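Below: one structure, written as structure tokens.
Number of protein chains: 2
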Amino acid sequence: MSNEEPKVGHDPFPLPDVDDLELVRVLRAAGDPARLVIIERLSDGDYHPCNLTDYRLDIHKTTLSHHFKVLRESGLTRTRVTGREHAVQLRRDALDARWPGLLDTLVAAAVRDDPDAQAAPGVSAAG
Amino acid sequence: MSNEEPKVGHDPFPLPDVDDLELVRVLRAAGDPARLVIIERLSDGDYHPCNLTDYRLDIHKTTLSHHFKVLRESGLTRTRVTGREHAVQLRRDALDARWPGLLDTLVAAAVRDDPDAQAAPGVSAAG
DNA sequence: GGCTTTGTTTGACAAGCATCAAACCATTGA
DNA sequence: TCAATGGTTTGATGCTTGTCAAACAAAGCC
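Protein sequence lines correspond, in order, to chains B and D. Its first residue numbered 151, the first sequence is counted upward by one per residue in the numbering used here. Its first residue numbered 151, the second sequence is counted upward by one per residue in the numbering used here.
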């Protein structure tokens, strides 16, 4: 592989279809402190790397990977592979289509409870 | 006790204060099939009895009691004792104060996924 | 006072889950 | 080709949890 472009893997992480999403599974996926931090970090809608340094979590590398797997298999996130880097993104389209407003209120609740959450200018965290 | 009025117990089920509610605990409490059915049944805001027949759940009596305990200790419900009857109600005030919109979207999502949910007149369950 | 009703509590058990360590796989760079 | 990088998979382990059975507790009824 002497290509200049980073190799884009052919998605080794299959996603559950929108119709196959289960509310119970989504709620339990969100019902973990570490995963709630991850969800909050992903709330901007962008792709975020899967490395430990980007999340302020005092857990092992393999544990973080496990959490990403739980999030993905619940349908909350999708995973993109670029070269040797993995990145995750919230499946906002699918979630909004299935349960309108759920992801927004979930993220809002997580942000509200997170003392480290940086408030947007003019917006009080204490709400 | 020869009183005509049913005896009102002095709340043997203490509730967590609003400020002590934990989002993770609430989400995990909601992340169970049986408890999601209960939440949906309670969504009208009224008190509902704690007996098995009122919920279409194929579980043991003690298991149902366990679920009520999980819901109560997570802060999602309160329990009222009247005579020998127990009744539960969603703590909508506390939940709305702490995480605005969360309970509504949660209930809406649960109703949407429940095939047995009776739609209001003119409202399609398939959305 | 006994018996029934209405649930809760306790104990036990199997399944699930969060965690870490070690091994592994694919990509990149020398 | 060989080592380093980025992250996943695979055990293994201890804790949590959903479930039922048996015992318990409080209130009403005869």
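We put the CB at the ideal spot given by N, CA and C, even for glycine. Quick caveat, the model's predicted, so the values are computed rather than measured.
Within the same chain, and ignoring the five residues on either side of Pro166(B) in sequence, the residues whose Cβ sits closer than 6 Å to its Cβ are Gly225. As the crow flies, the alpha-carbon of Glu235(D) is around 44 Å from that of Thr227(B). In this structure, His198(D) lies near Asp204(D), with their beta-carbon atoms less than 8 Å apart. Taking the Cα positions, Val238(D) is about 21 Å away from Val174(B). The three-state reading of DSSP puts His236(B) in strand, counting E and B together.
In this chain, the alpha helix (DSSP H) harbouring His216(D) covers 211-224. When the Cα atoms are used, Cys200(B) and Thr212(B) turn out to be separated by approximately 11 Å. In this structure, Thr229(B) is the residue among Thr229(B), Glu172(B), Asp169(B) with its C-alpha nearest to the C-alpha of Phe163(B).
As the crow flies, the alpha-carbon of Leu192(D) is around 9 Å from that of Val257(D).
Asp246(D): member of the alpha helix (DSSP H) spanning 242-248, first to last residue. Listed along the chain, the chain D residues whose CB falls inside 8 Å of the CB of Pro183(B) are Val174. In the three-state DSSP reduction, Pro199(B) falls in the strand class (E or B). The C-beta of Ala247(D) comes no closer than 8 Å to any C-beta of chain B.
Per DSSP, the continuous alpha helix (DSSP H) segment holding Arg185(B) begins and ends at 183-191.
Residue state for Arg228(B) is assigned as strand, using DSSP reduced to three classes.
Counting along the chain, the unbroken alpha helix (DSSP H) around Leu173(B) starts and ends at 173-180.
When DSSP states are grouped into helix, strand and coil, Arg206(B) belongs to the coil group. In the DSSP assignment, Val261(D) falls within the alpha helix (DSSP H) that extends over 252-263.
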